[in-house]
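For reference, the structure discussed in these notes is given below.
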Amino acid sequence: MPNEIFVIRSMADALRNTGYKNIESAMAEIVDNSIQAEAKNVFIVVKETVNPNSGRKNVSEVVFIDNGTGMTDSELGGCLAYGYSSRTDRRGMGRFGVGLPQASMHACPAVDVYSWQNGYENCKKVFLDVEKVREGEQKNIQDPVLESVPREYERYLEYTISSTKEKVSFKSHGTVVIWKNCDKVVPKTVGTLFDKLLFTLGQKFRYFILEECCSIVLIEHDNTSNLKKIMPNDPLMLMPNNLVLGNPEKPGTIDTSHANKKYCVPVFEPYHKPDTKNFDESTNSIKYPVKYIDVKTGEVKESFVYIKFSIVKDVFYAQDAVVTDPGSTEIGKHVKKLEGISVVRANREIDFGQFDFYDNVNEPTHRWWGCEIRFNPELDEAFGVANNKQHVELHYLDPDDYKGKDNEVKPMWLQLYSIIHNTIRAMFDKNKVTRKNSRVKPSTNPPASPTETIINNVEQNNDNDSQSKQAAETKPLEERIEGAKQVLEENGVNNPTDEEIRSYLNNSVNICHKAMRNAPLFDMSYELGTCSVYINMDHPFYKNYLEKPLQEDPDFLTAFELFIASLAKVIDETNVSYKDSNDDLIARWNERLRAYIFEQMHSNLTGK
């Protein structure tokens with residue numbers, strides 16, 4: 009009696025061992041399917057419920073909604089079957105036909121799929137439930153049945169994104185995938201999961217997002233105000249609308265909210281060696297010819313791999329711009345997570361790593377360049393693309409093993425090694441020279457005061473609107489530089505250097521002790537794009553009670569300046585419409601302080 013090739017009931021556990029690296033990779037597979045179906049919008053809705061064992065909220069369901077072409081009955085009926093694929097075109101992203109069930113089983117034991125064409129009223133459903141497979145209740149994927157998406161998720165089918173007022177419709181055609189009873193989603197909480205997805209999906213699908221082929225949005229189901237639109241996260245740091253951009257005025261800092269308009273410059277720039285052949289300036293890529301064997305005909309054919317390199321701009325790396333260790337800055341910490349080579353297939357990143365093209369043994373300089381290998385699916389076998397599109401076979405091979413075999417097609421790693429290894433070495437050496445040749449000469453300028461250092465550390469990620477921020481964004485830089493130079497000269501700095509002027513403008517707060525006769529104890533100005541505080545050394549409170557401890561105790565000096573600066577920054581961030589009221593309040597406070605001090609001085613003199 010013949011036996012079954014697979015005993016379905018015993019396959020339940022095997023179905024869940026899918027080989028995905030992490031939850032982000034599994035979720036990327038579903039997004040992959042949506043983009044392949046020409047979806048313009050993808051919503052990823054995440055629902056939390058209380059875990060009875062821990063008492064904490066954990067991710068329990070993940071819902072993918074797209075407005076792609078939808079599936080026919082035949083496609084829907086086969087989409088959860090392992091090995092099924094309606095896509096045999098080798099030019100597209102999806103070809104292997106195991107993505108949807110594999111990715112789903114990585115995250116949960118049960119998945120429902122809904123799809124419709126020619127109107128939502130035609131929505132049909134199929135499902136796969138591992139527990140039912142285990143119990144023998146589900147032996148195959150049933151024919152699609154007419155059924156609506158669960159009511160709690162139907163509201164997303166016609167949705168307005170509140171922050172942009174963009175209206176998104178999924179009603180004409182689309183697909184919904186629901187991961188149920190999620191037990192392998194890590195991180196388990198929405199906030200941390202969103203952070204991971206913003207980074208990873210932004211990296212994997214950066215080209216589709218950049219070219220506005222598809223918008224990917226994360227939504228917390230029970231708190232829809234927590235909505236995140238995924239931005240490109242380019243490991244080459246070249247894209248103009250990247251997740252992280254730089255501000256040449258404050259090299260080393262980042263602003264992922266994109267609220268500060270000054271953070272608008274790509275941190276890296278394209279790179280190629282002067283003697284590079286086949287360099288295309290329009291794409292900043294090298295069109296590199298490779299040989300491969302056509303799996304259908306066995307013929308040796310030629311194709312092209314597109315290799316792109318990038319290197320950090322001097323303004324974000326040279327020591328005269330970033331005096332401290334650049335790796336310890338916010339940008340340095342970000343690019344550390346992106347150190348490596350990106351492998352892109354059909355516009356989607358499918359792998360990332362070193363691939364033995366270079367060695368990195370505690371060499372932080374390697375994070376300051378980028379490399380991308382891009383190819384079309386006709387080279388899948390040559391690159392050893394895995395069936396879940398999560399891996400390529402690129403690793404060290406001994407060239408001696410292939411000597412004397414010029415007529416044979418060499419493995420892809422050997423074909424690419426020379427150009428990639430040599431260019432990486434050239435970029436590495438260039439960055440070393442950049443840091444060495446730009447070493448800051450011993451400066452006669454005074455170092456930043458403890459007060460300035462503390463305030464700058466606290467305020468570096470402060471994106472609140474303020475009078476100083478408005479001035480920095482609207483006042484021409486030339487006027488601000490000239491104004492800062494004048495202030496420094498008035499404060500006793502002869503011929504201020506560019507370094508001193510830049511430091512003054514980059515400080516969140518600048519404090520100056522100066523003689524101002526009958527002026528208040530302190531005054532403020534925000535017109536140069538920084539909060540300038542002037543402390544009056546002629547004020548009776550200063551002369552009688554502050555002057556001596558300020559001169560003798562550095563900690564007291566710092567504490568007093570922080571006290572005044574904190575008030576000045578709060579006023580800076582108060583709505584500009586309250587400016588007159590704030591000025592009046594400070595003026596009356598100064599008058600009251602002066603009256604109290606004179607009364608105390610009189611009491612001390614008279615003994616009363």
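Residues are numbered in my numbering as their position in the sequence shown, beginning at 1, plus a constant of 8.
Glycine included, C-beta positions come from ideal geometry on N, C-alpha and C.
Can you find the residues in the same chain that come closer than 8 Å, C-beta to C-beta, to residue i, ignoring five residues on each side of it along the sequence?
i    : result
Q125 : T77, G78, M79, T80, H181
Y586 : none
L206 : L226, K236, I238, M239, N241, L251
V352 : Y215, I358, E380, I381, R382, F383
Cα-Cα, which of the options is closest to residue i?
i    : options                : result
K132 : K140, E139, V138, S123 : S123
L201 : E32, S457, E560, F391  : E32
L536 : Q475, R525, N590       : Q475
P528 : I519, I543, I238       : I543
K295 : L424, D406, P458       : L424
V184 : E219, P243, I605, N41  : N41
N49  : I38, L235, I73, N234   : I73
K55  : E497, V39, N61, V70    : V70
F324 : M420, I428, R443       : R443
K212 : K179, E380, E143, V141 : E380
F383 : I315, F360, A394       : I315
D531 : T208, W377, E569       : E569
D191 : K65, N469, D437, D473  : K65
G378 : K344, H403, P385       : K344
Indicate the three-state DSSP secondary structure (helix, strand or coil) for residue i in the structure shown.
i    : result
F532 : A quick correction: the sequence has Met, not Phe, at residue 532. Strand at M532.
N61  : coil
P548 : helix
D561 : coil
K140 : helix
Y7   : No answer is possible for residue 7: it lies beyond the span of the chain, which begins at 9 and ends at 616.
E357 : strand
P504 : coil
I519 : strand
G537 : coil
V448 : For V448, the pLDDT reaches just 46, beneath the cut-off of 50, and the residue's location in the model is therefore unreliable, leaving the point undetermined.
Using the C-alpha atoms, what's the distance from residue j back to residue i?
i    : j    : result
F564 : I572 : 12 Å
Q478 : V193 : 43 Å
S311 : D388 : 12 Å
V517 : V466 : 11 Å
S156 : R163 : 12 Å
V273 : R159 : 44 Å
V176 : L235 : 14 Å
M247 : F276 : 9 Å
C87  : I43  : 16 Å
V58  : K237 : 26 Å
Y28  : N368 : 26 Å
A354 : V313 : 12 Å
I489 : F365 : 46 Å
G144 : K397 : 31 Å
T582 : N514 : 21 Å
R602 : C520 : 20 Å
C116 : H342 : 31 Å
T168 : I224 : 14 Å
V578 : V67  : 39 Å
S426 : T291 : 21 Å
L218 : N249 : 7 Å
V308 : P297 : 13 Å
K140 : D471 : 52 Å
V441 : D322 : 11 Å
V495 : Y279 : 41 Å
I428 : T284 : 11 Å
Can you find the residues in the same chain that come closer than 7 Å, C-beta to C-beta, to residue i, ignoring five residues on each side of it along the sequence?
i    : result
E129 : none
A434 : K281
D120 : K133, F135, I186, K188
P419 : L405
K522 : N499, Y542, M545
Taking only heavy atoms of the ligand NAP into account, decide whether any of them is closer than 7 Å to the Cβ of residue i.
i    : result
L201 : With respect to the ligand NAP, the structure offers nothing, as it holds no ligand at all.
Could you name the residues that DSSP lists as bridge partners for residue i?
i    : result
R382 : Y314, V352
N49  : S223
V70  : V54, W187
N430 : N430 is not bridged to any residue.
A118 : D137, K188
Once the 5 residues before and after residue i are set aside, which same chain residues still bring their CB inside 6 Å of it?
i    : result
E401 : G392
P195 : L201
E46  : G76, T77
T461 : none
S533 : S540
P407 : none
Closest Cβ-Cβ distance between residue i and chain D: below 8 Å?
i    : result
I489 : Reference to chain D is not applicable here, since this structure consists of a single protein chain.
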